[in-house]
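Numbering (this note's numbering), first residue to last: 176 to 362.
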């Protein structure tokens with residue numbers, strides 16, 4: 176296992192964007208843990224949503240769960256109406272399903288259900304600065320303000336709680352890169 180500490184978090188985010196562009200799967204461990212049924216950006220597995228096969232790859236090779244189970248888009252809140260037909264202006268807790276706009280169909284297939292819907296999570300800088308910074312850097316490179324987001328765990332296990340849990344799950348799965356705070360960890 177190798178790791179590097181980055182004083183500049185934006186530089187770290189830029190490297191993670193490059194990892195995502197190389198279709199690497201990211202374990203993301205930031206700040207305080209979350210409580211509830213969804214990963215909201217502090218304990219997440221992240222992937223490139225543009226690549227349709229990422230959904231199946233994560234189900235089979237990382238999470239070890241049923242192939243029909245979907246993944247959610249985590250996105251910059253300011254772009255919600257550019258991508259989805261939703262009456263709300265935000266969805267910070269992944270409580271609403273929305274249809275993808277017809278002109279965006281096919282652009283993020285890894286996070287869209289067969290019926291064209293998705294359970295969206297929106298992010299602002301005030302709500303979650305680290306994931307906001309990553310999404311901002313991703314959007315600069317791809318013009319897509321969305322990443323695939325799922326809970327940082329494997330089937331039958333709770334979401335990782337500690338750095339030790341994160342490292343154990345990282346080492347026991349096909350996650351390619353682990354980010355803990357300002358550290359980038361590789362195998």
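No residue lacks a Cβ here, since even glycine has one placed at the ideal position from N, Cα and C. Since the model is a prediction, treat every value here as computed from it, not as a measurement.
Contact defined as beta carbons within less than 8 Å: I believe residue i pairs with residue j. What is the distance between those atoms, to the nearest angstrom?
i	j	result
residue 329	residue 344	6 Å
residue 219	residue 325	7 Å
residue 216	residue 298	6 Å
residue 200	residue 226	Wrong, their Cβ atoms sit about 11 Å apart, outside the cutoff.
residue 351	residue 194	7 Å
residue 308	residue 291	With 8 Å as the limit, residue 308 and residue 291 do not qualify as a contact, their Cβ atoms being about 30 Å apart.
residue 327	residue 204	7 Å
What's the C-alpha gap between residue i and residue j?
i	j	result
residue 221	residue 294	15 Å
residue 306	residue 250	9 Å
residue 231	residue 303	28 Å
residue 255	residue 265	7 Å
residue 244	residue 228	13 Å
residue 183	residue 357	8 Å
residue 359	residue 178	5 Å
residue 253	residue 268	16 Å
residue 247	residue 191	19 Å
residue 186	residue 180	11 Å
residue 300	residue 342	27 Å
residue 176	residue 223	23 Å
residue 277	residue 285	16 Å
residue 196	residue 262	32 Å
residue 361	residue 311	23 Å
Any idea what DSSP makes of residue i, helix, strand or coil?
i	result
residue 269	coil
residue 243	coil
residue 255	helix
residue 286	helix
residue 274	strand
residue 250	strand
residue 184	helix
residue 148	The first residue shown for the chain is 176 and the last is 362, placing residue 148 beyond what the model contains.
Taking residue i as the reference, give the member of the options with the closest Cα.
i	options	result
residue 206	335, 350 and 347	335
residue 271	223, 213 and 281	213
residue 260	243, 242 and 280	280
residue 198	360, 323 and 287	323
residue 188	315, 332 and 242	315
residue 240	196, 276 and 331	331
residue 242	338, 258, 288 and 282	288
residue 236	361, 362 and 347	347
residue 283	277, 321, 361 and 310	321
I want to see whether chain C comes within less than 8 Å of residue i, judged by CB atoms only; does it?
i	result
residue 342	This model lacks chain C altogether, as it is built from one protein chain only.
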